[in-house]
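*Asks:* The structure's right below; bear with me while I get my questions together.
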Amino acid sequence: MRKVVLLAFAVTTLFFNANAQDSTPAATEEDKGKFTFSGYLDSYYLGNFNKPLSRLNTGASGLDEGGVTVIGGNARAFDAVAGQFSLGLVQTKAVYSNKKSEAVIDLTFGPNADLGNYGNYVGPLGGGSTALAIKQAYFTYKATDKLSFTAGQFGTHIGYEVIDAPINYNYSLSNLFNNGPFYHIGLKGTYAFSDKVALMAGIVNNIDNLYDNNRAKAIISQLYVQPVSGWNVYLNWIGSNEAPSQTTVDGAYYSLFDLTTSYQITEKFFLGLNAAMGSEKGGSGDDAKTWGGVALYSNVAISDVFGLGARYEYFDNTSGVRAVRNGLGAGTTVNSVTVTGNFTLADGHLLIKPEYRLDSYPKLSGGGNEQHQKFEDSDGVFSKNTQSTLTLAFIYKF
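With mature numbering (1 follows the signal peptide of the UniProt record, and there is no 0) as the guide, the letters of the sequence shown map in order to residues -20 to -1, 1 to 378.
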């Protein structure tokens, strides 16, 4: 009898334990967390119809003290070398996410890695094709379903285009992109009022620098609105004291307003626009100088494999305030037209992009410092007001 009672007790205990375990909700994949690894690599061949002696597409940066034109402009952001096959960028991105948080480590390698970290030291692996840079390294805490906070180094909210070649339709990058900023280091918070309205605000060190150039901090903000399905509007702003040291902070200020909008009109036809206006004041007694521009984008999916896109951009730097960054010398304007084909192969992993681009500076009359507004010719002389390039880019994403 005692054995029967003990057996019954054991069976009853197992039954209740099994029920207790079954009543506990199973952990979902979202609760457990998810790890993903992705990236891309891109390379290209670029031909320059001016056949510049230096094989550089960057134009002249201005005149040296002896009145001689010097190479070193930055009329093109990344695709700087003509007449050869070139490696662009290699990216590896690791993301861990769960229901309440996300962590991102985004590394880049190759010739464009240091360019993407504009204003900083050469990476630990050196310059050139072995460069390594931290593109992004941040985490996001989701305090509620509507409110989240992000801390670390993250890509800028300013602008239409991004560093990542697979995301942009055009392969070459605009002057608006080239004038940055590229990234920020700091803290930001985002509140989603609904699926169609969200507001972001944050505080960061400064613009495109791993180390704060002074003790003043920059404020960033973004308002996102979706008026109708398929139409996205971003109103962006950054204000920062960009004085080179704490002793020159008084009166120095940088401000940039940016509008980015895109509309998927039909399943195959897309339109986009980016407009920006910035001002910069160097210090006490200096007058604020402005720059700005507008870029129009469109693309159409002709088939499942091939699409065609175009970009027109007007950039105004007549004040010369952005001369160091964009290579437009002491001040000028530039008109750019870019036409890009897009072949999508290997189940979307391989993108092949043939692209034609024309950059044009205004023709000026009279003497003086005009060489800064020229492109290089085959004799090494900066005599050209226009520059045409033809590129074939190869991008593989995984």
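Where a beta carbon is used, it is the ideal one built from N, C-alpha and C, also for glycine.
Identify, in the order they occur along the chain, each residue of the same chain with its Cβ nearer than 6 Å to the Cβ of residue 286, setting aside the five sequence neighbours on each side.
*Replies:* Contacts found: 323.
*Asks:* What separation, rounded to the nearest whole angstrom, lies between the Cα atoms of residue 221 and residue 83?
*Replies:* Cα to Cα, residue 221 sits roughly 29 Å from residue 83.
*Asks:* Just the Cα atoms here: how many angstroms apart are residue 242 and residue 361?
*Replies:* Going by the C-alpha atoms only, they are around 41 Å apart.
*Asks:* With DSSP as the reference, label residue 157 as helix, strand or coil.
*Replies:* Three-state DSSP puts residue 157 in a helix.
*Asks:* Between which two residues does the alpha helix (DSSP H) carrying residue 95 extend?
*Replies:* Residue 95 -> alpha helix (DSSP H) spans 91 to 96.
*Asks:* Report buried or exposed for residue 223, applying the criterion of at least 16 other Cβ atoms within 10 angstroms of its Cβ.
*Replies:* The residue is buried, with at least 16 neighbouring Cβ atoms inside 10 Å.
*Asks:* So the candidates are 159, 18 and 91; which of them puts its Cα closest to the Cα of residue 329?
*Replies:* Answer by Cα proximity: 18.
*Asks:* Classify residue 21 as buried or exposed, calling it buried when 16 or more other Cβ atoms lie within 10 Å of its own Cβ.
*Replies:* By the 10 Å Cβ count, residue 21 comes out buried.
*Asks:* Name the DSSP beta bridge partners of residue 27, please?
*Replies:* BP columns for residue 27 point to 370.
*Asks:* Taking the continuous beta strand (DSSP E) assigned at residue 291, which residues delimit it?
*Replies:* First-last of the beta strand (DSSP E) with residue 291: 286 to 297.
*Asks:* Helix, strand or coil, according to DSSP, for residue 86 in the structure here?
*Replies:* Strand at residue 86.
*Asks:* On the three-state DSSP scale, how would you describe residue 328?
*Replies:* Residue state, collapsed to three classes: helix.
*Asks:* Can you name the start and end residues of the beta strand (DSSP E) that residue 241 belongs to?
*Replies:* Residues 233 to 244.
*Asks:* Would you decide whether residue 69 is buried or exposed? Buried here means 16 or more other CB atoms lie within 10 Å of its CB.
*Replies:* Buried is the call here.
*Asks:* Could you spell out the range, first to last residue, of the beta strand (DSSP E) harbouring residue 260?
*Replies:* From DSSP, the beta strand (DSSP E) with residue 260 extends over 249 to 261.
*Asks:* Please state the DSSP three-state secondary structure of residue 382.
*Replies:* Not covered by the structure: residue 382. The range shown for the chain is -20 to 378.
*Asks:* Would you decide whether residue 320 is buried or exposed? Buried here means 16 or more other CB atoms lie within 10 Å of its CB.
*Replies:* Classification for residue 320: buried.
*Asks:* Could you give the distance in angstroms between the alpha-carbon of residue 373 and the alpha-carbon of residue 183?
*Replies:* Going by the C-alpha atoms only, they are around 37 Å apart.
*Asks:* Less than 8 Å between the beta carbons of residue 146 and residue 332, yes or no?
*Replies:* It is not a contact, given that the beta carbons lie outside the stated cut-off.
*Asks:* With burial defined as no fewer than 16 other Cβ atoms inside 10 Å of the residue's Cβ, what is the status of residue 342: buried or exposed?
*Replies:* With fewer than 16 other Cβ atoms within 10 Å, it is exposed.
*Asks:* Indicate whether the contact test is met: 3 or more Cβ pairs, each with one atom in the region 150 to 161 and one in the region 178 to 196, closer than 8 Å.
*Replies:* Yes: the two stretches touch, three or more of their Cβ pairs being nearer than 8 Å.
*Asks:* Per DSSP, what kind of secondary structure is residue 164 in: helix, strand or coil?
*Replies:* Strand, per DSSP.
*Asks:* If you draw a straight line from the alpha carbon of residue 1 to that of residue 13, how long is it in whole angstroms?
*Replies:* Only weak support is given to the placement of residue 1: the predicted model assigns it a pLDDT of 42, under 50, and the value that follows is read from those uncertain coordinates. Those two C-alpha atoms are separated by around 22 Å.
*Asks:* Spell out the partners DSSP gives residue 120 in its beta bridges.
*Replies:* Answer by DSSP bridge pairing, in chain order: 82 and 130.
*Asks:* Compare the C-alpha of residue 276 against each of 74, 61, 153 and 66 and name the closest.
*Replies:* Here the closest residue by C-alpha is 153.
*Asks:* What's the C-alpha gap between residue 274 and residue 123?
*Replies:* When rounded, the distance between both Cα atoms is 37 Å.
*Asks:* Tell me, please, which residues DSSP counts as bridged to residue 176.
*Replies:* For residue 176, which the question treats as bridged, DSSP gives no partner whatsoever.
*Asks:* What number of angstroms, rounded off, separates the C-alpha of residue 364 from the C-alpha of residue 335?
*Replies:* Approximately 21 Å, taken between the alpha carbons.
*Asks:* Quick one: what's got a C-beta closer than 8 Å to residue 269's C-beta in the same chain, skipping five residues either side?
*Replies:* If we look at residue 269 and ignore the five residues flanking it on each side, its Cβ neighbours are 259, 260, 261, 299, 300 and 301.
*Asks:* How long is the line joining the alpha carbons of residue 121 and residue 237, rounded to whole angstroms?
*Replies:* The straight-line gap from Cα to Cα measures roughly 27 Å.
*Asks:* Does the beta-carbon of residue 136 have 16 or more other beta-carbons within 10 angstroms, so that it is buried, or is it exposed?
*Replies:* Result: buried.
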